[in-house]
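Order-wise, the sequence lines are chains A and B. What the first sequence shows, in our numbering, is residues 1 to 240, in sequence order. What the second sequence shows, in our numbering, is residues 1001 to 1240, in sequence order. Heads up, the beta-carbon is just placed ideally off N, CA and C, and yes, glycines get one too. Since we're looking at a predicted model, the values are computed, not measured.
2 protein chains.
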Amino acid sequence: MAQDARLPRYHQVRDTLSAEIAAHKWRPEEALPTETELAATHGVSIGTVRKAVDSLVAAGVVERFQGKGTFVRRPDFQSSFFRFFRFATVGGAVRVPVSRILKREVTPMTAVVAAALKLEVGTPAIRFSRLRLIDDRPLVLEDIWLPHDRFEALLAIDPREFGDLLYPLYEQHCGVMVASAQETLSAEAVAAKNARPLGLAAGAPVIVIERVALSADRQPLEWRQSRGPASEFRYQVEIR
Amino acid sequence: MAQDARLPRYHQVRDTLSAEIAAHKWRPEEALPTETELAATHGVSIGTVRKAVDSLVAAGVVERFQGKGTFVRRPDFQSSFFRFFRFATVGGAVRVPVSRILKREVTPMTAVVAAALKLEVGTPAIRFSRLRLIDDRPLVLEDIWLPHDRFEALLAIDPREFGDLLYPLYEQHCGVMVASAQETLSAEAVAAKNARPLGLAAGAPVIVIERVALSADRQPLEWRQSRGPASEFRYQVEIR
DNA sequence: TAGTGGTCTAGACCACTCC
DNA sequence: GAGTGGTCTAGACCACTAA
Chain A
1 MAQDARLPRY
11 HQVRDTLSAE
21 IAAHKWRPEE
31 ALPTETELAA
41 THGVSIGTVR
51 KAVDSLVAAG
61 VVERFQGKGT
71 FVRRPDFQSS
81 FFRFFRFATV
91 GGAVRVPVSR
101 ILKREVTPMT
111 AVVAAALKLE
121 VGTPAIRFSR
131 LRLIDDRPLV
141 LEDIWLPHDR
151 FEALLAIDPR
161 EFGDLLYPLY
171 EQHCGVMVAS
181 AQETLSAEAV
191 AAKNARPLGL
201 AAGAPVIVIE
211 RVALSADRQP
221 LEWRQSRGPA
231 SEFRYQVEIR
Chain B
1001 MAQDARLPRY
1011 HQVRDTLSAE
1021 IAAHKWRPEE
1031 ALPTETELAA
1041 THGVSIGTVR
1051 KAVDSLVAAG
1061 VVERFQGKGT
1071 FVRRPDFQSS
1081 FFRFFRFATV
1091 GGAVRVPVSR
1101 ILKREVTPMT
1111 AVVAAALKLE
1121 VGTPAIRFSR
1131 LRLIDDRPLV
1141 LEDIWLPHDR
1151 FEALLAIDPR
1161 EFGDLLYPLY
1171 EQHCGVMVAS
1181 AQETLSAEAV
1191 AAKNARPLGL
1201 AAGAPVIVIE
1211 RVALSADRQP
1221 LEWRQSRGPA
1231 SEFRYQVEIR
């Protein structure tokens, strides 16, 4: 954890905490030590700890509650999924789409993937092709790339036992926690090979979502590209 | 300037400064008093003044420069453009596109628009059709709806004199300031009537952005729907 | 060199939560 | 009542700007 002593101390404290959270020193929804304790362990004053924690709060990594403590936030990717696609959810019931792994392979990273994950082109990767369905209706086709070294444990598991969500799997088997994600949205006329699993005619408009999932200390963990029929898609944002 | 003594003192200081800036106590790009002076005049410590000024910086009202001072920001419509215009060209270049008003009319609001603006269906509206271009290449086709009463002043201006940005115009002529916006993103195969101004073949995939612009007190001000060729656009978001 | 904001200290008291 | 974060003090020294 090479710390640059030229950085302000609140910055160093923030980076240290950030790395510790990424390394699961505290589980999500677990309280951090009190500010007084953090001040003591880091050898700074309370004011400096507060400034460090302020920036973690701003980054959405932790939450503070007066009288209770400071807690590691559990990012809710389930809800992010639902933000992206509108389904015929009966009675507002929240349902996780069923996931089906179509393919798993170990393959060298392409230039695009390697750049996004900040690794060398050709670094070994685990690659999944995954289809997500609601009521047996195909909704999203996903192309998922993971650095082989960090996610090797996934190769020991039968993909049919993966379940419907990947991030809990990363956490349990690879000790890797996704804290945030950057997404880039675009659209295209769907190519024939992607049209088939989605049950679309070639050339139909699809939304393309490229996601880089990040750890709490902003290391890129996963690259994925998702495609879904434009007619099913809604995405809401507030700009301030 | 009714101050609520129950509010934190840094909050009161911020509100006071904010009101003084709004009342032009200091002109844009003029320096505020030093933090030491502000602490003395407000009867608080420097740390409290800093916290107040921090929030003004976060709100974009003032800028701080180490060794120089704290300065009132000149509202920069260029930057507001980039705040609200989330599209980037594929190359990543960011330039304000040229705007061309294709049509202006006064017409009753449709149900969709009225609902978004929280007004009655049929309320008189000013409606613009606008094309935005970069390098004479059509980039976005916009359908813009405004409540007639609040924006009547715009009818007195020749649309050819509108310039490339609308929000500064709202501010100058209608005293209305856009503070935030909610956007809903989707995609579709473009209809023939929208394809022509964009120079696209009918059925080509386009991104559709529906925006409701809000005032600082969250009153809906403007409804607009923008369409642009999917191939030209990237929309970036961070999920936390 | 004088003056500014940037960082930091080592506490204090208050508001709130939980027992 | 004990323990937490929220606010606030009254300074200090550092890094930077401008004359």
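Residue i by DSSP, collapsed to three states: which one?
{"i": "B:Glu1142", "result": "strand"}
{"i": "B:Ile1157", "result": "coil"}
{"i": "B:Thr1110", "result": "coil"}
{"i": "B:Ser1045", "result": "coil"}
{"i": "B:Ala1002", "result": "Residue confidence is low: B:Ala1002 scores 45 on pLDDT, short of 50, so the model does not pin down where it sits. Its coordinate-derived value is still stated next. Residue state, collapsed to three classes: coil."}
{"i": "B:Val1053", "result": "helix"}
{"i": "A:Thr70", "result": "strand"}
{"i": "A:Gln219", "result": "coil"}
{"i": "A:Phe81", "result": "helix"}
{"i": "B:Glu1105", "result": "strand"}
{"i": "B:Ala1230", "result": "helix"}
{"i": "B:Ala1031", "result": "strand"}
Given that residue i touches chain B, what residues does it touch there, using C-beta distances under 9 Å?
{"i": "A:Phe233", "result": "Leu1185, Ser1186, Ala1187"}
{"i": "A:Gln236", "result": "Gln1182, Glu1183, Thr1184, Leu1185"}
{"i": "A:Pro28", "result": "What A:Pro28 touches in chain B: nothing, since even the nearest Cβ is about 13 Å away."}
{"i": "A:Pro75", "result": "Ile1239, Arg1240"}
Would you mind reading off the limits of the beta strand (DSSP E) that contains residue i?
{"i": "A:Gln182", "result": "180-189"}
{"i": "A:Phe65", "result": "62-65"}
{"i": "A:Pro205", "result": "205-214"}
{"i": "B:Glu1171", "result": "Element bounds for B:Glu1171: not the beta strand (DSSP E) but the alpha helix (DSSP H), 1167-1174."}
{"i": "B:Arg1234", "result": "1234-1239"}
How would you list, in chain order, the residues of chain A whose beta-carbon sits under 9 Å from the beta-carbon of residue i?
{"i": "B:Pro1168", "result": "Going along chain A, no residue has its Cβ under 9 Å from B:Pro1168, so there is no contact; the nearest lies around 17 Å."}
Pull up the CB-CB distance for residue i and residue j, whole angstroms please, since I reckon it's below 8 Å.
{"i": "A:Ala153", "j": "A:Cys174", "result": "5 Å"}
{"i": "B:Pro1229", "j": "B:Leu1200", "result": "6 Å"}
{"i": "A:Ser180", "j": "A:Pro75", "result": "6 Å"}
{"i": "B:Arg1127", "j": "B:Glu1105", "result": "5 Å"}
Just curious, the alpha helix (DSSP H) that residue i is in, first and last residue?
{"i": "B:Pro1124", "result": "Here B:Pro1124 belongs to no alpha helix (DSSP H); instead the beta strand (DSSP E) covers 1124-1134."}
{"i": "B:Val1013", "result": "1009-1022"}
{"i": "A:Arg150", "result": "148-151"}
{"i": "A:Arg196", "result": "192-198"}
Mind pulling the chain B residues with CB within less than 7 Å of residue i?
{"i": "A:Pro97", "result": "Neighbours of A:Pro97 on chain B: none; closest Cβ ~18 Å, over 7 Å."}
{"i": "A:Gly60", "result": "Arg1240"}
{"i": "A:Ser80", "result": "Ile1239"}
Just the chain B side, please: which residues come within less than 8 Å of residue i by C-beta, in chain order?
{"i": "A:Ala230", "result": "Ser1186, Ala1187, Glu1188, Ala1189, Pro1205"}
{"i": "A:Pro220", "result": "Residues of chain B passing the Cβ test: none, with the nearest at roughly 13 Å."}
{"i": "A:Pro33", "result": "What A:Pro33 touches in chain B: nothing, since even the nearest Cβ is about 23 Å away."}
Given 8 Å as the limit, is there contact between the segment 1009-1025 of chain B and the segment 206-226 of chain A, that is, 3 or more CB pairs closer than that? no
Does the count of Cβ pairs from the segment 28-46 of chain A and the segment 64-72 of chain A closer than 8 Å reach three? yes
Whether or not the segment 1200-1210 of chain B and the segment 145-164 of chain A are in contact is what I'm after, with contact meaning three or more pairs of Cβ atoms, one per stretch, closer than 8 Å; do they touch? no
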